[in-house]
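For the sequence shown, UniProt numbering assigns the number 1 to the initial residue and increments by one for each residue that follows. One structure is given below, encoded as structure tokens.
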Amino acid sequence: MSSKDAPSTWSGVDIAVPPPAHRLPGVSMAGFRQALPAPVDIAMVAHPSVTLLIDLSGEDGLVYETGVRRGRGSVVIGLAPGALRASGLVGECLQIRLRPAVAAAALGSPAGADAGAESLADVWGLDTGRFEERLRTAGSWDERFAMATDLVRRRIGDGGPRVDPEVAYIWRRIVAGGGRVRVDNLADEVGWSRKRLWACFRAQLGPTPKRAARLVRFDHAAHLLAAGLPPAGVAAESGYVDQSHLHRETKAFTGLTPTAVAAAPWLAIDDIAWPDLWRAGRPVPRSARGSGRR
């Protein structure tokens, strides 16, 4: 990669983020590179976006595995994949996060409440291989980001499924409230019946509003765990009934314990790989407010 990319480094991994020119609304990207391909075995932690993990390491690279599926190569990870691990001999990969409404248009279908993991080639078709090869031979991360931005923009513009403004508004309300919203009141805010909202939200985005709220609340809790807060404090901070409630939700979304989630590498680098998302949506615990901690 060209030195002009000026990537950050975390634990031996170079992390590159795109310049403003290669950013689309509802789309975030980050590039990851190890100096030499090295074995990895990482638990993936669910978060409120659909992830495209594009393997640039070649045939012996990324392996992904859920409780029911195992595959190799580039993968689409749904909103709530459950217990999911990524392993293999990985040198470089590009990760693209899509807001659910954008994912529906770019991928041609809703994200799915429990979509798990699906081969990118099965979703995007035969052009996937050519796209991956172009990314591998690019001279810099900036070129890669430009290629990926162009492809996602074209796929969004190809007339894929569109999300109703009311559904998109409810998603934003859930995210803005950190998942701590009374979902029974959301229908009134857009003038819909509860039945209509539940049906449209699920058909267009995948999960029900209630499950989406659970996922967003878990995402906030997971980042508090990664920040070093004890599970009991995280449970209270995130609006769970108690620590046992947090434990059950963590197991349901990831198959992991809160302690294991706290140590997950993907969470540790979020402020580097996704700086805009981090600044815009991450909770600051009460214990840190007013103290200058971040």
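For each residue, glycine too, the CB sits at the ideal point set by N, CA and C. Computed from a predicted model, the values in this text were never measured in an experiment.
Beta carbon of residue i nearer than 8 Å to that of residue j
i	j	result
PRO48	LEU215	yes
GLN204	ASP164	yes
ARG217	GLY179	yes
ALA268	ALA221	no
PRO39	ASP142	no
GLY67	GLY91	no
VAL13	GLN34	yes
TRP274	ALA30	yes
THR128	LEU135	no
PHE131	ILE170	no
Residue i in three-state terms, based on DSSP
i	result
ARG294	With a pLDDT of only 27 at ARG294, under 50, the local geometry of the prediction cannot be trusted, and the value read off the model is given with reservation. Here ARG294 sits in coil by DSSP.
SER28	strand
LEU53	strand
ALA262	helix
ALA43	strand
ARG214	helix
GLY91	strand
VAL181	coil
ASP219	helix
SER109	coil
ILE170	helix
ASP158	coil
ASP242	coil
PRO20	helix
VAL190	helix
ASP5	Confidence is the limiting factor: at ASP5 the pLDDT is only 48, short of 50, which leaves the residue's position unreliable and the question unanswerable from this model.
ALA117	strand
VAL234	helix
VAL152	helix
GLY125	coil
THR257	coil
Minimum C-alpha distance to residue i - residue among the options
i	options	result
GLY78	SER238, VAL45, TRP192	VAL45
PRO258	ILE170, HIS223, GLY239, VAL27	HIS223
PRO209	ASP219, LYS195, ILE269	LYS195
SER57	MET147, SER244, ASP184, GLU133	GLU133
VAL261	GLY125, GLU237, LEU84, LEU24	LEU84
GLY108	GLY206, PHE145, PRO230, SER140	GLY206
PHE32	GLU118, LEU24, ILE54	ILE54
ALA43	ARG72, LEU62, SER87	SER87
ILE156	ALA106, GLY255, LEU52	ALA106
GLY228	ALA264, SER244, ARG248, HIS245	ALA264
THR250	ALA176, ASP41, ASP219, GLY71	ASP219
residue 296	PRO161, ASP188, ARG162	The first residue shown for the chain is 1 and the last is 294, placing residue 296 beyond what the model contains.
VAL183	ASP158, VAL175, ALA199, ALA213	ALA213
ALA138	LEU94, ARG72, ILE272	LEU94
GLY65	VAL175, GLY255, TRP266	Note on identity: in this sequence residue 65 is Glu, with Gly being the wrong assignment. When only C-alpha atoms are compared, the closest one is GLY255.
Identified DSSP bridge partners for residue i
i	result
LEU98	VAL27, VAL50
GLU65	ARG70, ARG85
ILE272	Paired residue(s): none; ILE272 is not in a bridge.
GLN34	VAL13
VAL75	LEU53, SER119
Distance between beta carbons of residue j and residue i, contact taken as under 8 Å
i	j	result
ALA117	VAL152	Wrong, their Cβ atoms sit about 19 Å apart, outside the cutoff.
GLY101	ALA168	Here the sequence assigns Ala to residue 101, which means Gly is not the residue at that position. Yes, they are in contact, since the Cβ atoms of ALA101 and ALA168 sit about 5 Å apart, within 8 Å.
ARG97	SER28	4 Å
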